[in-house]
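Residue numbers (the numbering used here): 7 to 171.
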């Protein structure tokens with residue numbers, strides 16, 4: 007009778023049995039450690055402020071959460087139908103003798119680009135910053151009321167072509 011003292015190692019078949027389980031556990035752990043934040047995501051990704059967009063009868067309101075950011079560190083530009091939001095959340099300075107144990111807050115630069123509809127009156131766009139919330143008001147052009155009209159459906163085989171004369 008031979009004495010076997012070697013360790014039993016899983017073979018390729020055994021590895022496959024646990025692959026799905028490992029993947030599922032990995033996804034659960036990733037979700038646990040990447041809680042939802044006002045910066046849209048977690049981990050080492052760049053900052054991405056979250057935005058709400060609400061359309062009303064005469065305006066579109068864009069609300070951006072910017073906690074911990076001073077209004078002087080935010081820039082908002084518009085041109086050619088594109089609204090660009092840039093900014094920076096600066097890390098607090100620590101002393102040379104300070105020992106940082108945990109850093110979960112995120113710092114750095116961010117940029118969001120939002121295409122605005124053609125019915126927005128770009129020259130009249132305004133913004134207001136209060137308590138870490140930026141509200142951008144995008145007034146609609148006065149003649150941009152959404153109207154509809156009935157389109158006649160013809161029965162003949164010849165399509166109407168205004169260029170053919």
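Built from N, CA and C at the ideal position, the CB exists for glycine as well.
Determine, using beta carbons only, whether residue 64 and residue 145 come nearer to each other than 8 Å. yes
I think residue 71 touches residue 56, with their Cβ atoms under 8 Å apart; what is that distance to the nearest whole Å? 5 Å
Touching by the beta-carbon criterion (3+ pairs, under 8 Å), the stretch 80-90 and the stretch 100-108: no
So, is residue 101 buried or exposed, given that buried needs 16 or more other C-beta atoms within 10 angstroms? exposed
According to DSSP, is residue 83 part of a helix, a strand, or is it coil? strand
Whole-angstrom Cβ separation of residue 138 and residue 73, contact assumed at under 8 Å? 4 Å
Would you kindly report the start and end of the unbroken beta strand (DSSP E) that includes residue 55? Counting along the chain, residue 55 falls outside any beta strand (DSSP E), and DSSP gives it neither H nor E.
Apart from the five residues just before and just after residue 66, which ones in its own chain have a Cβ nearer than 6 Å to its Cβ? 144
Integer Cβ distance of residue 135 from residue 53, believed to fall under 8 Å: That belief does not hold up - the Cβ atoms of residue 135 and residue 53 are roughly 17 Å apart, past 8 Å.
By Cβ distance, which residues of its chain are closer than 6 Å to residue 142, with the 5 residues on each side in sequence left out? 68 and 133
Residue range of the beta strand (DSSP E) that residue 97 falls in? Careful: residue 97 lies outside any beta strand (DSSP E) and carries neither H nor E.
DSSP-derived helix/strand/coil call for residue 191: Nothing in the structure corresponds to residue 191, since the chain is present only between 7 and 171.
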